[in-house]
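Residue numbers (the numbering used here): 8 to 654.
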């Protein structure tokens, strides 16, 4: 559907366009106007967020759109959309409303709500609302269930603002004694544009409660869509540790719950299994277990007759756990129940018999060196959660700077090929601003991973760090390798090593406090994806060093994924199970480097495989100019000359 450029540019809030930005806006408009599925590979620096909004607003103005739901992985990405929406509104004078939504827990005003798992929080929150015990929730609605005067006042403020952010609305509601999330829900129900986390698109109950609109009337944008396969599968997955089981047993004793010996039996089983896995595979390696093996042993240990009676027992323990959460909240304690979490995990273990679920056990080690066991239930087919949403929406956009293989995302997300439009935008930053090197003297290939080789990597890394005049990020294939290699790295630089659950803000604060700081992270981890390492519009790093190729770890779990992919995708199985996840992780880690046209930096891959057959899998802009050396002196000279030559 052709549209005059003047109809598009009236919404654009900047004096000039970036390279390829007009092409992107036109493409987005067409996707929304004809109700198709757009897949966009657009590198950093093109202005993706504002282009999406401008394209949709043009379709909206001509009556060729649904309501817009933009979903992102991180809060920082949400803030970008809020900023762009405000600019558009100021420049265009267009009368639209937008809501930037955060989760119920993060918006909650109750003091007890923080530092809980979301399950624990939601259990108590539901009961408080159901029993009329939450003063903030009660203040939002009158006796007829309609918005109260105070809520209407808050909604008017949000409407006057036009673009209501979660943080601003929380402040207003705090002053008025209202539940911020409920007020935001009321505002979002009528907003033209809603921005939130992936959950607002992928979870039907959450989406329905927020938007009160059928999926086929929505236009949905998935930002950073390279992470959608892992996220969608993760929504249907769960894990349980021996630590949680120990705490659940204490809870049973404290609150005098009769669990028929279930939790103690499960703890012993998991301890035994994880010990065997450690002896056979070491730490952080998943070994498969069968669904029925655990169920049969639990039936025997608890004295239940069969699977049905075991499931009834488990449901009863979930109810007991909910009651414990409630009692603790009334006592002013953390409203947490490990018993409920354990029982909910077991319920999922029993109920899910589909072929796209696999079960595994592994041995872990905490920061103090104490071993613990982990039991996992993993969905290995992202399309189960993603496909109904992507295909069911009126129009959908999947967008990222690293959608190097669009067919992969079409297949694993179950996208309807008949509706797909594609746009592949080349890099926009000057190629001469980036030096790509390969150290061919080392590798992290599993078959060659000996202690002396890891020490050699540490030695070379130590020398390379000496010639980088600024901040550096070093990424490893796993936490295990990161800890092993970093132990032997000798440097005077301040170091921040990634931990499970680390927040982006900690990394940015660390880099801001040191001009020579070293970030040590894990590929596919928190510090390699979605974190914008930027200060005053410029990238903060001078070098990104990727130690090894970040292939998924070899394990029985990964082999199960490969088998499932062979059945579903045939000859493409290895590419989908190993190669493309590795390429995406590599691209995301490297993407932390160049964040503006003025940035200049080095990408070093410390693995000889990157210079051989693997090189053919990389995009042309990576292959061009890539230099490979075995001689450490030449690598150091290249880095030093490049970073000190600013002409």
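A virtual CB, placed ideally from N, CA and C, is assigned to each residue, including glycine.
Source: prediction; values computed, not measured.
Checklist entry - Buried or exposed: where does residue 489 fall if 16 or more other Cβ atoms within 10 Å of its Cβ makes it buried? => result Here residue 489 is taken as the residue at index 482 of the chain shown, counted from 1. Burial call: buried.
Next on the checklist: Taking a contact to mean a Cβ-Cβ separation below 9 angstroms, would you say residue 604 touches residue 52 in this structure?
Outcome noted: Walking along the chain shown from the start, residue 604 turns up at place 597. Walking along the chain shown from the start, residue 52 turns up at place 45. Against a cut-off of 9 angstroms, the Cβ pair of residue 52 and residue 604 comes out as a contact.
Item to check | residue 199 versus 573, 102, 172, residue with shortest Cα-Cα distance | outcome: In the chain shown, the residue the question calls residue 199 occupies position 192. Closest by alpha carbon: 102.
Checklist entry - Is it true that the CB of residue 130 sits closer than 9 angstroms to the CB of residue 411? => result As a first step, residue 411 must be located in the chain shown, where it is residue number 404. As a first step, residue 130 must be located in the chain shown, where it is residue number 123. Not closer than 9 angstroms, so no.
Checklist entry - According to DSSP, what are the bridge partners of residue 199? => result For the purposes of this step, residue 199 is taken as the residue at position 192 of the chain shown. Beta-bridge pairing links residue 199 to no other residue.
Checklist entry - Closest to residue 575 by CA distance: which of 436, 533, 627, 415 is it? => result Walking along the chain shown from the start, residue 575 turns up at place 568. Residue 575 has its Cα closest to that of 415, out of 436, 533, 627, 415.
Checklist entry - When we look at the beta-carbon of residue 280 and count the other beta-carbons within 10 Å, is it buried (16 or more) or exposed? => result Position 273 of the chain shown, counted from the first residue, corresponds to residue 280. Result: buried.
Next on the checklist: Rounded to the nearest angstrom, what separates residue 382 and residue 294 at their Cα positions?
Outcome noted: By 1-based counting over the chain shown, the position of residue 382 is 375. By 1-based counting over the chain shown, the position of residue 294 is 287. Taking the straight line joining both Cα atoms gives about 10 angstroms.
Checklist entry - Taking just the CA atoms, how far does residue 342 sit from residue 331? => result Residue numbering aside, residue 331 sits at position 324 when the chain shown is read from its first letter. Residue numbering aside, residue 342 sits at position 335 when the chain shown is read from its first letter. Whole-angstrom Cα-Cα distance: 8 angstroms.
Checklist entry - CA-CA distance, residue 654 and residue 608? => result As a working mapping, residue 654 is identified with position 647 in the chain shown. As a working mapping, residue 608 is identified with position 601 in the chain shown. The predicted position of residue 654 is uncertain, since its pLDDT is 49 and thus under 50; no value can be drawn from it.
Checklist entry - Distance, Cα to Cα, residue 33 vs residue 15? => result Residue mapping note: residue 33 aligns to position 26 of the chain shown, counting from 1. Residue mapping note: residue 15 aligns to position 8 of the chain shown, counting from 1. C-alpha separation (whole angstroms): 8 angstroms.
Item to check | C-alpha gap between residue 536 and residue 390, whole angstroms | outcome: As a working note, residue 536 is residue 529 in the chain shown. As a working note, residue 390 is residue 383 in the chain shown. Distance between the alpha carbons of residue 536 and residue 390: 22 angstroms.
Checklist entry - Considering only C-alpha positions, which residue in the set 378, 296, 313 is nearest to residue 364? => result Locating residue 364 in the chain shown gives position 357, counting from the first residue. The shortest C-alpha separation from residue 364 is found at 296.
Item to check | residue 409 and residue 241 closer than 9 angstroms at C-beta | outcome: By one-based count along the chain shown, residue 409 stands at place 402. By one-based count along the chain shown, residue 241 stands at place 234. Not in contact: residue 409 and residue 241 (Cβ atoms no closer than 9 angstroms).
Checklist entry - In this structure, does DSSP put residue 172 in helix, strand or coil? => result Locating residue 172 in the chain shown gives position 165, counting from the first residue. Correct three-state label for residue 172: strand.
Checklist entry - Exposed or buried, which one is residue 162 when buried takes at least 16 other CB atoms within 10 Å? => result Taking the first residue of the chain shown as 1, we reach residue 162 at position 155. Residue 162 is buried by the Cβ-count criterion.
Next on the checklist: Within 8 angstroms, do at least three Cβ pairs link the stretch 457-475 to the stretch 496-510?
Outcome noted: yes
Next on the checklist: For a quick check, are the C-beta atoms of residue 524 and residue 504 less than 9 angstroms apart?
Outcome noted: What you label residue 524 is simply residue 517 of the chain shown in a count that begins at 1. What you label residue 504 is simply residue 497 of the chain shown in a count that begins at 1. Taking 9 angstroms as the Cβ cut-off, residue 524 and residue 504 do not qualify as a contacting pair.
Checklist entry - Can we say the stretch 346-356 touches the stretch 131-140, given the rule of at least three CB pairs closer than 8 angstroms? => result no
Checklist entry - If you compare alpha carbons, which of 282, 265, 631 is closest to residue 445? => result As a working note, residue 445 is residue 438 in the chain shown. Ranking the options by Cα distance to residue 445, first place goes to 631.
Checklist entry - Across which residues does DSSP place residue 47 in a beta bridge pair? => result As a position in the chain shown, residue 47 is number 40, starting the count at 1. Beta-bridge pairing links residue 47 to 406, 430.
Checklist entry - Does the beta-carbon of residue 310 have 16 or more other beta-carbons within 10 angstroms, so that it is buried, or is it exposed? => result Here the question's residue 310 lines up with position 303 in the chain shown. Answer is exposed; the Cβ neighbour count stays below 16.
Item to check | Whether residue 533 touches residue 479 by CB criterion (9 angstroms) | outcome: Along the chain shown, one-based indexing puts residue 533 at 526. Along the chain shown, one-based indexing puts residue 479 at 472. No.
Checklist entry - Taking C-alpha atoms, which residue in 436, 403, 434 lies nearest to residue 424? => result Counted from its first residue, the chain shown places residue 424 at position 417. When each option's Cα is compared against that of residue 424, the closest is 403.
Checklist entry - Would DSSP call residue 164 helix, strand or coil? => result As a working note, residue 164 is residue 157 in the chain shown. Residue 164 falls in the helix class under three-state DSSP.
Checklist entry - Any idea what DSSP makes of residue 311, helix, strand or coil? => result As a first step, residue 311 must be located in the chain shown, where it is residue number 304. The answer is coil: DSSP assigns residue 311 none of H, G, I, E or B.
Checklist entry - Which one of 156, 400, 572 has the shortest CA to CA distance from residue 220? => result Numbered from 1 along the chain shown, position 213 holds the residue referred to as residue 220. Nearest C-alpha to residue 220: 400.
Item to check | Cα-Cα separation, residue 143 to residue 150 | outcome: Indexing the chain shown from 1 puts residue 143 at position 136. Indexing the chain shown from 1 puts residue 150 at position 143. So the two alpha carbons sit approximately 14 angstroms from each other.
Item to check | Straight-line gap, residue 397 to residue 218 (C-alpha atoms, nearest Å) | outcome: Residue 397 sits at position 390 when you count from the first residue of the chain shown. Residue 218 sits at position 211 when you count from the first residue of the chain shown. One C-alpha to the other measures close to 17 angstroms.
Item to check | Alpha carbon of residue 265 to alpha carbon of residue 247, nearest angstrom | outcome: Residue numbering aside, residue 265 sits at position 258 when the chain shown is read from its first letter. Residue numbering aside, residue 247 sits at position 240 when the chain shown is read from its first letter. Whole-angstrom Cα-Cα distance: 21 angstroms.
Next on the checklist: Could you pull the DSSP bridge partners for residue 227 from this structure?
Outcome noted: The residue given as residue 227 occupies position 220 in the chain shown. DSSP, once it has assigned bridges, lists 76, 403 as partnering residue 227.
Checklist entry - Could you give the C-beta distance for residue 610 and residue 541, rounded to a whole number, given that I count them as a contact under 8 angstroms? => result By one-based count along the chain shown, residue 610 stands at place 603. By one-based count along the chain shown, residue 541 stands at place 534. Wrong, their Cβ atoms sit about 17 angstroms apart, outside the cutoff.
Next on the checklist: Assess contact between the stretch 628-648 and the stretch 438-458, defined as three or more Cβ pairs (one per stretch) separated by less than 8 angstroms. Is contact present?
Outcome noted: yes
Next on the checklist: What does DSSP give as the partner residue(s) for residue 386 in the beta ladder?
Outcome noted: Start at 1 with the first residue of the chain shown, and residue 386 comes out as number 379. DSSP lists 364 as partners of residue 386.
Checklist entry - In this structure, what does DSSP give as the bridge partners for residue 503? => result Counting from 1 along the chain shown, the entry for residue 503 is found at position 496. Looking at the DSSP assignment, residue 503 forms a beta bridge with 526.
Checklist entry - Cα-Cα, which of 565, 516, 484, 448 is closest to residue 642? => result Here residue 642 refers to the residue found at position 635 of the chain shown. Cα-wise, what sits closest to residue 642 is 448.
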